[in-house]
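**Student:**
There are 4 protein chains.
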Amino acid sequence: MEFPGIGERVGGKHVIRGIYAPISTPFEQGQVSFPRLRGNLERWAATRLAGLVVLGSNGEAVLLDQVEKESLIGYVREHFPKDRPVIAGTGCESTRETIAFSRRAAGLGADAVLVITPSFYKGSMTSSALRRFYTEVAEACPVPVMLYNMPRNTGLNLPARVVVELAAHPNIVGIKDSGGDIVQIAEIIAGAPPGFVVFAGSGSFLLATLVLGGQGGTLALANVAADACAQLQEKFEGGDLAAARRLQLALIPLNQAVTSRYGVGGLKAALDLIGYFGGEVRPPLEPVGEAERREISKLLRDLGLLPA
Amino acid sequence: MEFPGIGERVGGKHVIRGIYAPISTPFEQGQVSFPRLRGNLERWAATRLAGLVVLGSNGEAVLLDQVEKESLIGYVREHFPKDRPVIAGTGCESTRETIAFSRRAAGLGADAVLVITPSFYKGSMTSSALRRFYTEVAEACPVPVMLYNMPRNTGLNLPARVVVELAAHPNIVGIKDSGGDIVQIAEIIAGAPPGFVVFAGSGSFLLATLVLGGQGGTLALANVAADACAQLQEKFEGGDLAAARRLQLALIPLNQAVTSRYGVGGLKAALDLIGYFGGEVRPPLEPVGEAERREISKLLRDLGLLPA
Amino acid sequence: MEFPGIGERVGGKHVIRGIYAPISTPFEQGQVSFPRLRGNLERWAATRLAGLVVLGSNGEAVLLDQVEKESLIGYVREHFPKDRPVIAGTGCESTRETIAFSRRAAGLGADAVLVITPSFYKGSMTSSALRRFYTEVAEACPVPVMLYNMPRNTGLNLPARVVVELAAHPNIVGIKDSGGDIVQIAEIIAGAPPGFVVFAGSGSFLLATLVLGGQGGTLALANVAADACAQLQEKFEGGDLAAARRLQLALIPLNQAVTSRYGVGGLKAALDLIGYFGGEVRPPLEPVGEAERREISKLLRDLGLLPA
Amino acid sequence: MEFPGIGERVGGKHVIRGIYAPISTPFEQGQVSFPRLRGNLERWAATRLAGLVVLGSNGEAVLLDQVEKESLIGYVREHFPKDRPVIAGTGCESTRETIAFSRRAAGLGADAVLVITPSFYKGSMTSSALRRFYTEVAEACPVPVMLYNMPRNTGLNLPARVVVELAAHPNIVGIKDSGGDIVQIAEIIAGAPPGFVVFAGSGSFLLATLVLGGQGGTLALANVAADACAQLQEKFEGGDLAAARRLQLALIPLNQAVTSRYGVGGLKAALDLIGYFGGEVRPPLEPVGEAERREISKLLRDLGLLPA
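Residue numbers (our numbering), protein chains in the order written: chain A, 1 to 308; chain B, 1001 to 1308; chain C, 2001 to 2308; chain D, 3001 to 3308.
In structure tokens form, the structure reads like this:
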């Protein structure tokens, strides 16, 4: 197997691959702090991250107002190297608001948009409704669209069959699948056209996604361990399976801590510990306690991300 | 058992009781139609509804933009009889946006606010986080707050223990529980202070809620069958259990059709059929098909809401 | 509404109504203790229990071998008043074993059998499979069959529509529904022929079941609070709703403790505390600890079942 | 990475690795057919299967009586090559019955036993209860014990942390994990001592399990596609990832058809189609219909298991 470099195009589609960080949003005294963000962006730029996602779940997007959201897209695109994509999370509950926001995001410089499934009306989000939603968004959006399946937060799964159908649309370029159902990920890869990007949505199943044909991941973990994630992918693609596996098994405990176990508060604590700016979470989210912080600190040390 | 009349106060708290309709939002050509809304409001005013909820789940609140939401609150309060409460749904994902919107709603005339649980970060919505969220909202809100538990849409249950604790707050006056777990409803009633309002959140478990001590319901079904719902409660409270039961069993099929089975599209079809304005749903919601419309029509006829 | 007395027949069907206890199975040194059982049976006979269920979930039926099971049926029927029904739990995973065991149970004197849904092959237990299963059992069984829906243990719900269809079978006389979905219970009552018995499967939703038309309950709680449960039903049927509600709300904490919260171990601890024989649980079940025992003791005192 | 051959010992533990088939149980006119079984065993012996599991979920174990079960263990061990392990499924709800049956199975020649989690009392199956259950079984069982996690059927997950603790027991040699949670599989591999066997429990996540360090699988799919499964593992272990991935993606549709989609009936139809004896399912299971059979036939042809 050979792998294209980041940014190359294959079969006419823009190639998104490698490790993306869905970046944390820094707050100070309740407000978005752009100076703090700038410091973080400089640090992320110094890693092997292939790109960033702004306004993802880990970015507390649903807790931001519209002005904050649009400012963030513009600011991040402005202050991150131009040769690395910035993808904006633009999914809303209504089709029309998703379209309007996706267009604004494109205008603000987003290279692509990541669109989470609408989910409040779970019972009505049939395959037909989801197909129509994404098709209408893709038709109207001037930049490529990436599907975003996040059942843990939405309570809704985007079925593999629907993804495969949508993958035929020329402006739907990939999916971030955070569900972690590796069989579903395999079914998408098996059914979608070559070049359709399948990204692991969590660092804990990055290797499993890669072995089945995925091209990378958008990983909360990459906020704090970008190079280790990138190395995992490089080792795998370079044929050093044993090293890739060792990295994967080693990264899971920290990944679980900054995602499902301690959530955004855990991620921000980890950022603070390694010298980035993590800072406050926005209520109703709560910060982690001292015990959790110590556990995260230990996990960071175990990985060599903090001095022992 | 004696029951206070609608609008009376008991123990210093405003008494909310009886049947409320979480009203449907009429759209024409994609826009909110205030003339159509006015027609519906006049019809609802002619029923025995005790009050209305604007911007509930059935009102497609999550599909509306902020301008539409605020216009709707003002318009509904303006055009519905002053002696009947209008409650506004104001729950957002962030505490600060919920507070800001609740204050605006109060300024626009809402008699109380109905605040759904924040739910995107399910894993972080611990009892502690939920308690803090609702307490902060209640402290900041100039009108009474009603809790709103809607697990089917949010994927999150507001535990009975948390509700009981929050019920002690002077500005938290009740709960709309749409979960339908009758044991949880009983636990809330058993633990909350007298006067705390427990409302069935769906017409299918109204009688069960009443027998355990609930004071009414906020029922999608009441959009189309307000008087039958009010009659069920009157028969129950008047001691005619057999009649209340007959009504309850008879109402379930229509209730299920306009809620879990066919959703907002089903409710709007039913409104159209009985001479209200139902109209379009806003995408990604989809209208019901012809077969579903016929089934709903039959259910309405079975209840005498349409001529046989 | 009028209610037939226990044991009467209505419309040709045997009338099962009132409060049944799914009795606990006493072990000493790992073996079923028939002397201990006899002591308990004498105590239960002195209550207002309408009948017993032997080999229910609370009787640790799945932990018993076939010889123990058959001995228990015979022994309980022999040592409990003849005018009160003894129902035997006979559901197995295979149709043929369920039929064989139901026949044996009838031969041992069981007045009816209670047949839990087969559930290991959940994905294959379609409505068609469940309908066929129960129909074949009912055809082959010489005594009346009661359906048993227990989703918490089986992970499977017996849909209301299937129950309604099965209710037409002359040898299927009722259902014990432990799921607690009060809407489903209402749908069964609405759809089944008059005389079809709908029993609450847990003491926490007995009143809600009665108000919708149920005829009683098979309640773990009735092992330890038989008279309070019977009184709840009597108050309800006598029109004293306020008293019935007070009892219902008062019984819920103990009910939850001896069912979902502490399971069979909690039930046995409660039996020991009130002077019945509870004794050991059979592994892999574990006994409750001292803290749980104290909590159960307090709950029993709160209800007047233990001296304060 | 190097891999020991089947049957070798590493670190004092018997090495179970490669592809095992949890074999189908043939019935004719409702009875187990040993002649039909013998025919199948001869065919399986001609494949690259590393061993067999008798009395697994796919063997309809819960639908067999005790005499049938013991006869099957003895017969299969007798008629399958001695150098390939036969593992018997012996898990029951009670600890004592599981121990008794495991001892009998060992006496009948089983090389190891596969013990599913007891699950009827889900709420009581705490980590403590599960740890004690498996420890007591392992202590009493004369042959090695393999854990069996099957959440889809049991409604219960055996937590990774408990598996890791149990993996330290000298007589607990591995786990068949059918849950498909690849992160849990990784956590088990990361935490268990080297040599602890982690088997994929379904053909759809065999490759993902292998890349994380698993040693093979016990796969319903291996009843009908043993050599393709073995080839997948060989290609992976030989470093030909592209070929392993192609096989994995190709096998998923058939795997899903003979497991979650059509269950045991689907598996038996597939066996019939490829010239093994599938035959009847035992009620309440139902055979697949003609449309399903045609779909399975197409899937077999797509894989070259049937002539095109």
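Don't be surprised by glycine CBs; every beta carbon is placed ideally from N, CA and C.
As a quick exercise: from C/Gly2217, C/Phe2236, C/Gly2059 and C/Ser2127, pick the residue whose alpha carbon is nearest that of C/Asn2157.
**Tutor:** Looking at C/Gly2217, C/Phe2236, C/Gly2059 and C/Ser2127, the one whose alpha-carbon comes closest to that of C/Asn2157 is C/Ser2127.
**Student:** Cβ of B/Ala1186 within 7 Å of Cβ of C/Ile2252?
**Tutor:** yes
**Student:** Checking contacts by CB at 7 Å: is D/Leu3041 closer than that to chain A?
**Tutor:** no
**Student:** What's the C-alpha gap between A/Leu307 and D/Thr3154?
**Tutor:** Here residue 307 of chain A turns out to be Pro, not Leu, going by the sequence shown. Rounded to the nearest angstrom, the two C-alpha atoms are 45 Å apart.
**Student:** Leaving aside the five residues before and after D/Leu3049 along the sequence, list all residues of the same chain whose C-beta is less than 8 Å from its C-beta, in chain order.
**Tutor:** Gly3018, Ile3019, Tyr3020, Ala3021, Arg3084, Ala3222, Ala3226 and Ala3230
**Student:** Under a three-way DSSP split, which group does A/Pro307 fall into?
**Tutor:** Here A/Pro307 sits in coil by DSSP.
**Student:** What do you reckon, are the CB atoms on B/Val1053 and B/Leu1114 nearer than 7 Å?
**Tutor:** For B/Val1053 and B/Leu1114, yes; Cβs fall inside 7 Å.
**Student:** Is DSSP giving A/Val10 helix, strand or coil here?
**Tutor:** Model confidence at A/Val10 stands at a pLDDT of 48, short of 50, so the residue's coordinates are unreliable; what they give is reported in the following sentence. Note: A/Val10 maps to strand in three-state DSSP.
**Student:** Going straight from the alpha carbon of D/Ala3105 to that of D/Val3145, what length do you get?
**Tutor:** 12 Å
**Student:** Between A/Glu286 and chain B, is any beta-carbon pair separated by less than 7 Å?
**Tutor:** yes
**Student:** On a Cα-Cα basis, can you pick out the residue from C/Lys2082, C/Val2288, C/Leu2232 and C/Pro2142 that is closest to C/Thr2098?
**Tutor:** C/Pro2142
**Student:** Please report the distance separating the alpha-carbon of A/Ile296 from that of A/Gly278.
**Tutor:** 13 Å
**Student:** Out of C/Arg2036, C/Ser2024 and C/Gly2191, which has the shortest C-alpha to C-alpha gap to C/Val2163?
**Tutor:** Cα-wise, what sits closest to C/Val2163 is C/Gly2191.
**Student:** Run the CB neighbour count on C/Lys2268, radius 10 Å, all protein chains shown included, and call it buried at 16 or more, exposed below.
**Tutor:** buried
**Student:** Short of 8 Å in beta carbon distance, which residues of its chain neighbour D/Arg3152, apart from the five on each side in sequence? Order them along the chain.
**Tutor:** Ser3178, Gly3179 and Ser3260
**Student:** Does DSSP put A/Glu93 in a helix, a strand or coil?
**Tutor:** coil
**Student:** Could you please tell me which residues of the segment 3146-3164 of chain D, in chain order, have their CB closer than 9 Å to any CB of chain C?
**Tutor:** Arg3152, Asn3153, Thr3154, Gly3155 and Leu3156
**Student:** Is there a Cβ from chain D that is less than 7 Å from the Cβ of C/Gly2366?
**Tutor:** Outside the displayed span of chain C (2001 to 2308) sits residue 2366 of chain C, for which this structure offers no information.
**Student:** What's the C-alpha gap between A/Pro26 and A/Gly213?
**Tutor:** 34 Å
**Student:** Along the segment 2290-2305 of chain C, what residues have a CB closer than 8 Å to any CB found in chain D?
**Tutor:** none
**Student:** Just the C-alpha distance for B/Pro1283 and A/Val198, rounded to the nearest angstrom, thanks.
**Tutor:** 27 Å
**Student:** Taking only three categories from DSSP, how would you classify C/Ile2296?
**Tutor:** helix
**Student:** For A/Gly5, would you say it is in contact with chain B, using Cβ-to-Cβ distances shorter than 7 Å as the test?
**Tutor:** Caution applies to A/Gly5, whose pLDDT of 44 falls short of 50 and renders its modelled position unreliable; the model cannot decide the point.
**Student:** In angstroms, rounded to a whole number, what distance separates the CA positions of A/Gly228 and A/Leu247?
**Tutor:** Before going further, note that residue 228 of chain A is Ala rather than Gly in the sequence given. Their Cα atoms are separated by approximately 7 Å.
**Student:** Exposed or buried, what is A/Gly59 when buried is set at 16 or more other beta-carbons lying within 10 Å of its beta-carbon?
**Tutor:** buried
**Student:** In the DSSP assignment, what are the bridge partners of D/Tyr3134?
**Tutor:** BP columns for D/Tyr3134 are empty, so no partner.
**Student:** Taking a Cβ distance cut-off of 9 Å, strictly less, list which residues of the segment 2183-2202 of chain C are near chain D, in chain order.
**Tutor:** Under the 9 Å Cβ criterion, the segment 2183-2202 of chain C contributes no residue.
**Student:** Pick out whichever of D/Ile3016, D/Pro3081 and D/Phe3196 has its Cα sitting closest to the Cα of D/Arg3038.
**Tutor:** D/Pro3081
**Student:** Does the beta carbon of D/Met3001 sit closer than 7 Å to a beta carbon anywhere in chain A?
**Tutor:** A caution first: D/Met3001 carries a pLDDT of 40, below 50, which makes its placement in the model unreliable, though a value can still be read off. Interface annotation, D/Met3001: in contact with chain A, CB-CB separation under 7 Å.
**Student:** Along the chain, where does the beta strand (DSSP E) that runs through D/Leu3052 open and close?
**Tutor:** Gly3051 to Val3054 is the span of the beta strand (DSSP E), which, as asked, contains D/Leu3052.
**Student:** Less than 7 Å between CB atoms is the rule here; does A/Thr98 satisfy it with respect to chain D?
**Tutor:** no
**Student:** Indicate the three-state DSSP secondary structure (helix, strand or coil) for B/Gly1005 in the structure shown.
**Tutor:** Summary for B/Gly1005: the model assigns pLDDT 44, below 50, so the residue's position carries little reliability; its value from the coordinates is reported in the next sentence. Three-state result, B/Gly1005: coil.
**Student:** Please report the straight-line C-alpha distance between D/Leu3206 and D/Ala3250, rounded to a whole angstrom.
**Tutor:** 12 Å
**Student:** Just the C-alpha distance for D/Ser3057 and D/Leu3063, rounded to the nearest angstrom, thanks.
**Tutor:** It is roughly 10 Å from the alpha-carbon of D/Ser3057 to the alpha-carbon of D/Leu3063.
**Student:** Give the range of the alpha helix (DSSP H) segment to which C/Ile2172 is assigned.
**Tutor:** No alpha helix (DSSP H) holds C/Ile2172; the beta strand (DSSP E) holding it covers Ile2172 to Asp2177.
**Student:** Starting from the N-terminal side, write out each stretch of the alpha helix (DSSP H) that is 4 residues or longer and does not extend beyond the segment 1186-1215 of chain B.
**Tutor:** For the segment 1186-1215 of chain B, whole alpha helix (DSSP H) runs of length 4 or above, ordered along the chain, are 1206-1211.
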